[in-house]
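Chains as they are written, first to last, in the working numbering: chain G, 1 to 289; chain A, 1 to 349; chain U, 1 to 250. Note that beta-carbon positions come from the ideal geometry of N, C-alpha and C, so glycine has one too. Read through the structure below, which is laid out as structure tokens, and then see the notes.
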Amino acid sequence: MLAEKDIIYRADPHRPSPARLVGVQPLAPEHALFQFRFEDPKENERWTHRPGQFVMVSVVGTGEAPISICSSPSRRGVIELCVRNTGRVTSALHRLKEGAIVGLRGPYGNGYPVEKMKGQDILIVAGGLGMAPLRSLVWYVLDNRSDFGHVSLLYGTRTPEDVLFKGEIAGLVGRGDLETHLTVDKLVEDGQPWPHDVGVVTGLFKYVKDRVDPTRAYAAVTGPPIMYRFVLRELLALGFGKDRILMSLERRMKCGIGKCSHCAVGYKYTCIHGPIFTYWDAMNLPEMI
Amino acid sequence: MSKRELRLGNVRVLPKDLFPDFVKGLALFGKVYAPVVRPDGAHVFSPVERVADIDMAHPRTMLSPKKYLFPPETEMYQFSPEKGYFDPPVDTAKTVLLGVHPCDINGMLILDEVFRRYYVEPRYFARRQSLAVIGSSCEPDDKCFCKSMHSEYVDKGFDLFLTDIGDAHFVRMGTSIGDDIVAANPAVFRPVEDEDVRAYKHAENCRAQAYKAQVELDSLPQILELEYDSRVWKEAGDKCLSCGTCSSVCPTCYCYDLFDRLNLDVASGARVRRWDSCLFREHALVAGGHNFRDGRDSRMKNRYFHKQVGFVSEFGRPSCVGCGRCIEACPANISIIEMIKSLREEVKV
Amino acid sequence: MAKPRVGIFGLTSCAGDQLVVVNLEDELLDIVGAIDLRSFIMAASHPVEDEFDVALVEGSVVTGEDEERVKDIRAKSKLLGAIGTCAVWGGIPGALNHVGRNTLYQAVYGTEEDLFKAREARPLRDVVKVDFSLSGCPVEKHQLVQALLSLLHGDLPSFPTVPVCQDCRFKENVCLLKTKGQLCLGPVTAGGCLARCPSHNIGCEGCHGPLDEVNFAAEAALLEEKGLPRERIARVVRNFAHQADLARIM
């Protein structure tokens, strides 16, 4: 049974707080960055989250959906969400104009174990929209850079057009304190300028495998289900322990607070015990990957 | 005061001929709901209109008292584009639930844990605190296996508990509210005599021997793990209609859906919470189109694992209370008793 | 913002779903006030048929005219919704699809001549792209209103995809299938009707059509166990949704 200290008392955990859409930026086809600020200044002051956590976003009258936070807690001011237009709520979000009021509640989930990751090498592997929760981690690590060892980011997308946060990523490439490598499945047209790799994300491992000490490193991996299979194989081959591989899992969610049971996987709630799971936890839960 | 008098200080006897007066006296503590027999023969928890309609001994009502704590469909909030989501309407009308069996009281205790853990759901507890619970003994039938689930007896979760001892009810007081009810109705209770204690023991012995159905709980989580890929799931999945009946009638199922319902101004409306079921196809379907539990067998397995493995590892007991409702109501005649028996057979190699 | 241009159309059907629109009474004025209703023959003359933001189409595709009509509507509409079980599943006009039109002509008109150039009834999705569906025979008023409000709000209509059984349980109805051995298609039928028929002791005949994934085989086996002949089960299933995976129960 859970100890009293683990019970989070809040007035009404299902109730979204009004938040204003203060900025929208297109990122890639069907993907945009949404910036929110609570209407109540006290809530903005109180707000804090861990990289890897998510919020429940309500488009008033349409409904609610879980979206991972892509801004870093080390950069306060707005809550940023990178959203793909894929369902009823997300497509309603994409229709909203700056200034619109939405409902926001959270943050939910466990987030990355950043305390445990301190002093360790960090290998970040992102595929497609998986960059969203990992962007939060990237900036957290960079803003607390002295806490970590060697840090690298391997990022794969379908085409150069699909790269999220293009300007920001371009700025990361060539930073001395972060080793960034990009790849795409294919170029949209031959001869398109793309000074990076072409091929699957596992093809980028060759650049970093001698720079990372798997016995004192964490790998944070997020991407489509198919990507996990190959990346996990690669990480295990490098010598990563299963509890040193961190995955962010997607599930259907309605409540975000460990009740509605849609996200239940085996004996765990993705919204409470996840969405960040070690590979060890994930492989021991049925239907996890 | 002798030790024995002290021990028996929180018990009384309610002669059955005074039961109508007792029910009348309950009105002081809220609107009274009890298992009543409908003209079509169904037993349902309903407002009591005539005491003669009450049938507390019948093994089970169609829905459990869950419906009062966590109604099938609730408006959680109103919304408007300017104000967002506001004004949670909570019904806190004083209510007396009379005739709640031990399985259902245990069901409520389990729901308490679910709605308390991680984040407290205030709506549930507002309803909970407006309820007075008067438990009652029952006569187990061939679908009752509460004894196997250690839910046949309660020592908490009730304000009063009535055990049928023939021409009277043996009354245990569980809370000071129960004590208040007794104090407010002095004429209907009498002190406990030695004879009553003997009758109580006898009634409990008879009930213990009346159980026909049994589910062996020993090592069950381990057996379910071992039989994860058993043909038993596949066969049950072939029979299951995914109608969600088991979830609705279950006193401890709490899956729900949340959605917005618009008013005619196309701007304001209400956020609605509605019971859901993990047996429904879309339960684990994500926006991209992937379904993490696509087969009926995997959905049914999820339900069993949730109740008999996950809950055990978290709370030290299964979330099943053995009320037998899912067995009685399943149109496909799937029985948890038979399922677990079959799975146990599979382990014997 | 310009009011959305809406057209309401009927193909081969009884026009019962269009009648539900006319019968909205309490809601009709609000809804008509919020839209630019350009074509709705049942309620207004002089339709304007150039472009529609939303077309609601009732009925199944039975004649060549139906097919041309729905293709034309599709070409003029941003969103096309199938309204009613005929449009979603083929409905009653498809109940005897398996018999063949000339046999039916013979039975009704005493000739096998192709009097109406009628073919087997098809749901709209067999002919055109359908953006959303609302089944029911006729559609439920409360669902139709929510669907229209969703569209006005800018969302595609969405409803809990649950079987009729769920509302039966919510109402604590005695299960007609389990307890009374009646032919009830509740477990395999899309809910939304608030268990209208079972609440009156009438077994569900499946007028909303089946859910996406249903276990017809198990339902049929159960009904047979209760002594209902397979042909009768098949007939009831075919009544509204001849397309629904009949192969598995035949």
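Should residue i be flagged as near chain G, meaning a C-beta pair shorter than 8 Å?
i, result
"A/L285", "yes"
"A/H306", "yes"
"U/H153", "yes"
"A/Y85", "yes"
"A/Y68", "no"
"A/R117", "yes"
"A/F189", "no"
I'd like to know if residue i contacts chain U, where contact means its C-beta is closer than 8 Å to some C-beta of that chain.
i, result
"A/K350", "A query on residue 350 of chain A cannot be resolved here, the shown segment of chain A reaching from 1 to 349 and no further."
"G/G61", "yes"
"A/P221", "no"
"G/A264", "no"
"A/D40", "yes"
"G/R135", "no"
"G/R95", "yes"
"A/V309", "no"
Would you mind telling me which residues of chain U sit closer than 8 Å to residue i, beta carbon to beta carbon, in chain order?
i, result
"A/A329", "R169, C175 and K178"
"A/G244", "V162, P163, C165, Q166 and R169"
What residues of chain A sit near residue i, judged by a beta carbon separation below 8 Å?
i, result
"G/C255", "Y256 and L258"
Got a sec: is the Cβ-Cβ distance from residue i to anything in chain A below 8 Å?
i, result
"U/N215", "yes"
"G/T183", "no"
"G/C70", "no"
"G/H196", "no"
"U/Q143", "no"
"G/R251", "yes"
"U/V88", "no"
"G/I169", "no"
"U/A218", "yes"
"U/L183", "no"
Just to make sure I have the definition right: I need the residues of chain A whose C-beta is within less than 7 Å of the C-beta of residue i. Which are they?
i, result
"U/P198", "Going along chain A, no residue has its Cβ under 7 Å from U/P198, so there is no contact; the nearest lies around 12 Å."
Taking the straight line between their C-alpha atoms, what separation do you get for residue i and residue j?
i, j, result
"A/S319", "A/Q214", "16 Å"
"G/F277", "G/G149", "22 Å"
"A/F115", "A/C255", "11 Å"
"A/E139", "A/I110", "23 Å"
"U/T12", "U/E65", "10 Å"
"G/I8", "G/I257", "With a pLDDT of only 47 at G/I8, under the threshold of 50, the placement of this residue in the model should not be trusted; the figure read from the coordinates follows. One C-alpha to the other measures close to 10 Å."
"U/V174", "A/R344", "33 Å"
"U/C204", "U/G186", "5 Å"
"G/S146", "G/V208", "20 Å"
"U/K129", "U/T85", "16 Å"
"U/P4", "G/L27", "30 Å"
"A/F29", "A/I181", "8 Å"
"U/D17", "U/S133", "13 Å"
"A/V96", "A/A187", "20 Å"
"G/V22", "G/L172", "25 Å"
Please list the partners that residue i has in chain A, where partner means a Cβ-to-Cβ separation under 9 Å.
i, result
"U/D30", "L264, D265 and V266"
"G/I67", "Neighbours of G/I67 on chain A: none; closest Cβ ~11 Å, over 9 Å."
"U/D212", "R281 and E282"
"U/L222", "K239, L241, P331, A332 and N333"
What are the partner residues of residue i, as DSSP defines its beta bridges?
i, result
"A/L97", "A/Y33 and A/V133"
"G/P290", "Here chain G has residues from 1 to 289 only, and residue 290 of chain G is not among them."
"G/L246", "G/A220 and G/T278"
"G/V265", "G/K268"
"G/R105", "G/M56"
"A/V286", "Answer is none; A/V286 lacks a bridge partner."
Using the beta-carbon of each residue, which ones in chain G are nearer than 9 Å to residue i?
i, result
"U/L156", "R88 and S91"
"A/E227", "Within chain G, no residue comes near A/E227; the closest Cβ sits about 12 Å away, beyond 9 Å."
Quick one: list the residues of chain U neighbouring residue i, beta-carbon separation under 7 Å, in chain order.
i, result
"G/R20", "Under the 7 Å cutoff, chain U gives no residues; its nearest Cβ is about 19 Å from G/R20."
Identify the contact partners of residue i in chain G, using a Cβ-Cβ distance below 7 Å as the criterion.
i, result
"A/M76", "H14"
Under 9 Å Cβ-Cβ, which residues of chain U neighbour residue i?
i, result
"A/R261", "Q146 and L149"
The segment 328-347 of chain A touching the segment 32-46 of chain U, judged by at least three CB pairs closer than 8 Å: The count of Cβ pairs closer than 8 Å, one atom from the segment 328-347 of chain A and one from the segment 32-46 of chain U, stays below three, leaving the stretches out of contact.
Segment contact flag, the segment 241-259 of chain A with the segment 84-100 of chain A, C-beta cutoff 8 Å, min 3 pairs: Touching, no.
Cβ contact (3+ pairs, closer than 8 Å) linking the segment 163-171 of chain U and the segment 187-195 of chain U: A contact between stretches requires three or more CB pairs, one per stretch, nearer than 8 Å, and the segment 163-171 of chain U meets this requirement with the segment 187-195 of chain U.
Segment contact flag, the segment 125-134 of chain A with the segment 148-166 of chain A, C-beta cutoff 8 Å, min 3 pairs: Verdict: yes, contact present.
Touch test, the segment 59-75 of chain A against the segment 271-282 of chain A, Cβ-Cβ under 8 Å, three pairs minimum: Output reads yes: the segment 271-282 of chain A touches the segment 59-75 of chain A.
Three CB pairs or more closer than 8 Å across the segment 109-128 of chain U and the segment 150-160 of chain U: Fewer than three beta-carbon pairs drawn from the segment 109-128 of chain U and the segment 150-160 of chain U are found closer than 8 Å, and the two stretches are therefore not classed as touching.
Stretch-stretch touch, CB-based, cutoff 8 Å, three pairs: the segment 289-304 of chain A with the segment 115-125 of chain A: Taking one beta carbon from each stretch, the segment 289-304 of chain A and the segment 115-125 of chain A have fewer than 3 pairs nearer than 8 Å; the two do not touch.
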